[in-house]
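Peer 1: Keeping their order, the protein sequence lines are chains L and P. Sequential numbering of the first sequence, starting at 0, is according to numbering that gives the first Met the number 0. Sequential numbering of the second sequence, starting at 0, is according to numbering that gives the first Met the number 0. For every residue, glycine included, the Cβ atom is placed at its ideal position computed from N, Cα and C.
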Amino acid sequence: MNPQSTIAVSTRNPCRMCTPLGAAMVFSGIADAVPFLHGSQGCSTYIRRYLIGHFREPVDIACSNFGESSVIFGGWQNLHTGIHAVIEQYHPRLIGIATTCLAETIGEDIPQMIHRLEQELPEDGPILVSVSTPSYQGSHSDGFHRAVKAVVEKLAQPGPAGRHINVFSGMICPEDIRHLKDIFAEFGLQATLLPDYSDALDSGIWNRYEKNIESGTPIESIRRCGQAQATIEFSATGDFSTSAGETLLRRFGTPLYMLPLPVGVRQCDTFFERLSVLSATEIPARFTAQRSRLIDSYVDAHKYVFGKKAVLYGPADWVAALAIFLCEIGMVPVLCAAGDHKGTLQEHLREHLPGTMDSITVVEDTDFASIEQMAAGLKPDILIGDSNGYKMSRNLNIPLVRLGLPIHDRIGASRMTAIGYQGTQQLFDRIVNTILEHQQDNCSIGYTHL
Amino acid sequence: MVHLARHMQEKYGIPYIHVSYFGIQDMSRALYDVAEFFADNEVLERTQSLVRQEIQRVMPEINRYRQDLQGKKAGIYTGGAFKAFSLVDSLRLLGIQTAFVGSQTGGPEDYQRLEAFCDEGTIIVDDANIMELVRFAQETRIDLFIGGVKERPVAYKLGIGFCDHNHERKISLAGFEGMLNFSREVHATIMSPVWKLIDSRNRQAGRN
């Protein structure tokens with residue numbers, strides 16, 4: 000909202016999704032865990048609908064199914080019944096309980112309820128983790144980070160120091176998760192990626208219908224997070240309140256490296272150099288070759304993208320990483336619009352993009368109505384963000400490169416990579432080709448050799 | 000083209016004027032030459048006003064690019080020598096110095112004229128092979144290479160900006176509008192930040 004405006008304007012077409020959506024993704028990416036929403040059924044239906052539209056996979060999210068009486072008398076009974084039903088059906092080792100607006104508004108005392116449940120459950124019953132995720136506080140991205148932090152707070156144990164690395168990547172696509180695992184393996188580093196929904200939300204064809212809760216980060220590995228050599232957390236905005244790495248640093252003294260999302264050559268260099276130090280090995284030749292080919296492609300395409308204006312929208316961490324990547328290839332991120340609120344995006348970009356801030360507008364906590372209004376005046380060449388920006392793309396006749404979540408109007412959201420030299424290569428190619436395609440389609444001659 | 004014009008003159012008595020449409024100087028000269036040929040005051044006046052108008056239109060943008068490009072260095076290698084003159088001139092307008100210039104098919108006369116036309120120290124190259132061009136490019140530490148499309152990957156591998164100047168182009172370089180296109184492209188290729196990512200061992204020193 001414009002602070003100078005005297006008229007209060009409501010949010011119109013939010014540039015973020017519900018907070019518990021992120022939490023549900025995290026719980027989906029833990030082995031033998033079931034996500035559970037404390038609130039009304041519509042909340043879980045909406046989230047399942049979006050996740051299924053994006054991942055095109057079965058998504059199970061349990062719910063305590065609030066009715067009128069739960070709103071008046073509290074949701075304990077529903078939670079109690081729901082948890083027992085989930086245990087009976089899924090036999091999970093962990094249930095991740097995320098709250099909804101309704102539960103938070105009526106003031107449900109979740110920690111007390113969990114305490115009661117834990118006392119009546121058998122010794123070998125599931126671990127109950129709760130995270131406070133009303134959607135009027137934060138975004139899906141915040142819900143994601145808060146859930147990772149809640150899991151780590153509940154499970155991490157002290158113990159003998161190991162050589163393994165904790166990796167809290169934030170919300171990235173399954174193919175990027177697989178690539179990250181590959182990178183760590185190539186460096187000879189044992190990594191605990193939390194969460195890891197690379198199978199749960201991107202699996203192959205099944206021979207029979209399954210509950211499919213087995214895949215994901217093993218609970219034992221999460222317990223060992225406190226004994227790790229270091230934590231790597233992808234966050235440009237340095238928000239400690241939602242940082243699981245901060246928990247481990249504070250409790251166990253685990254060194255924390257908060258790195259920008261490794262998108263683009265320089266931000267990848269920061270990441271790969273860190274891995275080189277942690278593993279005490281040279282960066283494997285495979286990655287230096289990928290880096291070199293990426294730069295070679297930057298050169299091949301540099302004239303097509305130079306000075307081209309982009310509007311970026313999405314979670315602040317992604318907007319920050321993309322803006323720095325775009326400047327590296329000579330594009331101008333004229334509008335950097337975060338749907339969530341970190342309060343540090345402007346400062347982060349100023350620090351990393353000195354001298355270019357005059358041509359960049361940074362907004363946080365914004366919505367699509369405002370983004371479209373600003374974008375219309377800025378006359379960008381391209382939009383980069385999730386599918387919710389399609390209407391703007393259509394209204395303004397500006398091509399959209401889909402990245403982030405949700406992507407529900409294209410196939411392959413799980414494979415739209417951006418991480419590492421390899422992921423950046425795919426993103427870079429998509430950006431350049433989208434620009435070329437738009438130019439070619441709008442040219443009266445229809446040249447081919449471009 | 001000159002060959003064709005000469006034949007048409009010999010065979011049909013159609014006169015011809017030798018002009019270049021590349022660069023502001025040469026484009027203006029071409030228009031004046033045509034106007035003067037007809038020796039009609041009205042045509043001449045209209046030409047003057049057109050040239051004035053066009054120069055006023057394109058110069059502010061060109062001046063903006065010159066601020067970034069002042070002192071940069073370029074190498075030119077074209078098919079015929081004639082194009083090279085206009086290119087040296089156009090680069091000059093952008094504040095870019097021509098470090099070396101050459102062509103595949105130029106004759107001794109062309110090179111004498113080129114030498115007189117270029118700044119002192121400019122290397123004049125005749126019918127060079129690719130390895131010689133690479134050596135000149137590296138020794139003179141150029142920021143821009145102008146040549147045919149087949150030279151493009153060579154320039155890129157060396158970390159040098161590139162502008163092609165041949166029949167295959169999709170964005171025109173002729174006329175006043177063409178000079179704007181040329182300036183934009185030269186500015187884009189020289190000022191692109193991608194060069195900063197190239198290891199200085201691959202690049203010529205002093206290009207950061």
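So which residues of chain P does F286(L) contact, with C-beta pairs closer than 8 angstroms?
Peer 2: Here the question's residue 286(L) lines up with position 287 in the first sequence. Result: empty, since nearest Cβ-Cβ is about 15 angstroms, beyond 8 angstroms.
Peer 1: Does the structure place the region 324-343 of chain L close enough to the region 276-291 of chain L that three or more beta carbon pairs sit under 8 angstroms?
Peer 2: No, they do not touch.
Peer 1: Alpha carbon to alpha carbon, how far is D181(L) from F175(P)? Give it in angstroms, no decimals.
Peer 2: Reading the second sequence from its first residue, position 176 is the one you call residue 175(P). Reading the first sequence from its first residue, position 182 is the one you call residue 181(L). In a straight line, the C-alpha of F175(P) is about 54 angstroms away from that of D181(L).
Peer 1: Would you call the region 0-16 of chain P in contact with the region 196-212 of chain L, where contact means no fewer than 3 C-beta pairs closer than 8 angstroms?
Peer 2: The region 0-16 of chain P vs the region 196-212 of chain L: no contact.
Peer 1: Could you check whether G388(L) and L377(L) sit closer than 8 angstroms to each other, using their CB atoms as the reference points?
Peer 2: One-based indexing of the first sequence puts residue 377(L) at position 378. One-based indexing of the first sequence puts residue 388(L) at position 389. Contact: no.
Peer 1: Tell me whether F186(L) counts as near the ligand ATP, meaning its Cβ is closer than 7 angstroms to at least one heavy atom of that ligand.
Peer 2: Absence of the ligand ATP from the depicted structure is noted, as is the absence of any ligand whatsoever, leaving it without description.
Peer 1: Would you tell me roughly how many angstroms separate the C-alpha atoms of D175(L) and Y76(P), rounded to the nearest one?
Peer 2: Position 176 of the first sequence, counting from 1, holds the residue named residue 175(L). Position 77 of the second sequence, counting from 1, holds the residue named residue 76(P). Taking the straight line from one Cα to the other gives about 45 angstroms.
Peer 1: At what residues does the beta strand (DSSP E) containing D125(P) begin and finish?
Peer 2: As a first step, residue 125(P) is located in the second sequence; it is residue number 126 there, counting from the start. It spans I122 to D125 - the beta strand (DSSP E) in which D125(P) sits, taken as one unbroken run.
Peer 1: Would you tell me roughly how many angstroms separate the C-alpha atoms of G209(P) and V298(L), rounded to the nearest one?
Peer 2: Nothing can be reported for residue 209(P): it is not among the residues displayed for chain P, which extend from 0 to 207.
Peer 1: Taking the alpha carbon of N394(L) as the reference point, which residue from L402(L), A375(L), D408(L) and L404(L) has its own alpha carbon closest?
Peer 2: Taking the first residue of the first sequence as position 1, residue 394(L) is located at position 395. Checked all of L402(L), A375(L), D408(L) and L404(L); the closest Cα to N394(L) is A375(L).
Peer 1: For A80(P), write down the residues that DSSP places opposite it in a beta bridge.
Peer 2: By one-based count along the second sequence, residue 80(P) stands at place 81. Answer is none; A80(P) lacks a bridge partner.
Peer 1: Between the Cα of V100(P) and those of V42(P), L30(P) and G120(P), spot the shortest distance and give me the residue it belongs to.
Peer 2: Reading the second sequence from its first residue, position 101 is the one you call residue 100(P). The option with the nearest alpha carbon to V100(P) is G120(P).
Peer 1: Is the region 298-311 of chain L touching the region 430-445 of chain L, taking contact as three or more C-beta pairs under 8 angstroms?
Peer 2: Contact holds: three or more Cβ-Cβ distances are below 8 angstroms.
Peer 1: How close, in whole Å, do the beta carbons of T423(L) and L293(L) come, if the pair is a contact with beta carbons under 8 angstroms?
Peer 2: On the first sequence, residue 423(L) is found 424 positions in, with the first residue counted as 1. On the first sequence, residue 293(L) is found 294 positions in, with the first residue counted as 1. Contact holds; Cβ gap of about 6 angstroms.
Peer 1: Of all the options R177(L), G203(L) and R207(L), which has the alpha carbon lying nearest to the alpha carbon of D195(L)?
Peer 2: In the first sequence, residue 195(L) corresponds to position 196, counting from 1. Ranking R177(L), G203(L) and R207(L) by Cα distance to D195(L) puts R177(L) first.
Peer 1: What's the call for Y446(L), buried or exposed, on a 16-neighbour Cβ count within 10 Å?
Peer 2: Counted from its first residue, the first sequence places residue 446(L) at position 447. Label assigned to Y446(L): exposed.
Peer 1: Closer than 8 angstroms is the cut-off here; do at least three beta carbon pairs connect the region 62-74 of chain L with the region 124-132 of chain L?
Peer 2: With the cut-off at 8 angstroms, the region 62-74 of chain L and the region 124-132 of chain L do not touch.
Peer 1: Using a cut-off of 7 angstroms between C-beta atoms, extract the partners of G329(L) located in chain P.
Peer 2: The sequence position of residue 329(L) within the first sequence is 330, counting from 1. Under the 7 angstroms cutoff, chain P gives S191, P192 and V193.
Peer 1: Which of helix, strand or coil does DSSP assign to K10(P)?
Peer 2: As a position in the second sequence, residue 10(P) is number 11, starting the count at 1. Three-state DSSP puts K10(P) in a helix.
Peer 1: If contacts are defined as beta-carbon pairs under 8 angstroms, then L20(L) and Y49(L) qualify, I think. What distance do you get, rounded to the angstrom?
Peer 2: To locate residue 20(L), count along the first sequence from 1; it is residue 21. To locate residue 49(L), count along the first sequence from 1; it is residue 50. With a Cβ gap of about 6 angstroms, L20(L) and Y49(L) count as contacting.
Peer 1: Looking at I6(L) and G215(L), is the spacing between their C-beta atoms short of 8 angstroms?
Peer 2: Here the question's residue 215(L) lines up with position 216 in the first sequence. Here the question's residue 6(L) lines up with position 7 in the first sequence. Against a cut-off of 8 angstroms, the Cβ pair of I6(L) and G215(L) comes out as no contact.
Peer 1: Using the C-alpha atoms, what's the distance from H186(P) back to Q203(P)?
Peer 2: As a first step, residue 203(P) is located in the second sequence; it is residue number 204 there, counting from the start. As a first step, residue 186(P) is located in the second sequence; it is residue number 187 there, counting from the start. With a pLDDT of 46 at Q203(P), under the threshold of 50, the predicted position of this residue should be treated as unreliable, and no value is reported.
Peer 1: Is there a Cβ of chain L sitting closer than 8 angstroms to that of A187(P), yes or no?
Peer 2: Numbered from its first residue, the second sequence carries residue 187(P) at position 188. Yes, because at least one Cβ of chain L sits closer than 8 angstroms to the Cβ of A187(P).
Peer 1: For the candidate residues H163(L), T44(L) and D316(L), whose alpha-carbon lies nearest to that of G237(L)?
Peer 2: As a first step, residue 237(L) is located in the first sequence; it is residue number 238 there, counting from the start. Of H163(L), T44(L) and D316(L), the residue nearest in Cα terms is D316(L).
Peer 1: Quick one: what's Y256(L) bridged to in DSSP?
Peer 2: The residue labelled residue 256(L) in the question sits at position 257 within the first sequence. According to DSSP, which records beta bridges pairwise, Y256(L) is partnered with I231(L).
Peer 1: How would you call S443(L), buried or exposed, if buried means at least 16 neighbouring beta carbons within 10 angstroms?
Peer 2: Residue numbering aside, residue 443(L) sits at position 444 when the first sequence is read from its first letter. The residue is exposed, with fewer than 16 neighbouring Cβ atoms inside 10 Å.
Peer 1: Got a sec, what are the start and stop residues for the beta strand (DSSP E) H37(L) sits in?
Peer 2: For the purposes of this step, residue 37(L) is taken as the residue at position 38 of the first sequence. Counting along the chain, the beta strand (DSSP E) containing H37(L) begins and ends at A32 to H37.
Peer 1: Measuring straight from C-alpha to C-alpha, what distance separates G205(P) and E327(L)?
Peer 2: Taking the second sequence and counting its residues from 1, the one referred to as residue 205(P) is at position 206. Taking the first sequence and counting its residues from 1, the one referred to as residue 327(L) is at position 328. Residue placement at G205(P) is flagged as unreliable, the pLDDT there being 40, under the threshold of 50; the coordinate-derived value follows with that caveat. Each residue's alpha carbon lies about 20 angstroms from the other.
Peer 1: Under 8 angstroms between C-beta atoms, does H448(L) make it to chain P?
Peer 2: Residue 448(L) sits at position 449 when you count from the first residue of the first sequence. Yes - at least one Cβ of chain P is within 8 angstroms of the one on H448(L).
Peer 1: CA-CA distance, L260(L) and S234(L)?
Peer 2: Taking the first residue of the first sequence as 1, we reach residue 260(L) at position 261. Taking the first residue of the first sequence as 1, we reach residue 234(L) at position 235. For L260(L) and S234(L), the distance between alpha carbons rounds to 7 angstroms.
Peer 1: Under 8 angstroms between C-beta atoms, does G306(L) make it to chain B?
Peer 2: Considering every chain present, this structure includes no chain B. Its protein chains are L and P.
Peer 1: What residue range does the alpha helix (DSSP H) around D118(P) cover?
Peer 2: The residue you call residue 118(P) lines up with position 119 of the second sequence. Unbroken run through D118(P): none, as it is neither H nor E.
Peer 1: Assign P173(L) to one of two classes, buried (16 or more other C-beta atoms within 10 Å of its C-beta) or exposed (fewer than that).
Peer 2: For the purposes of this step, residue 173(L) is taken as residue 174 along the first sequence, with counting starting at 1. So P173(L) counts as buried.
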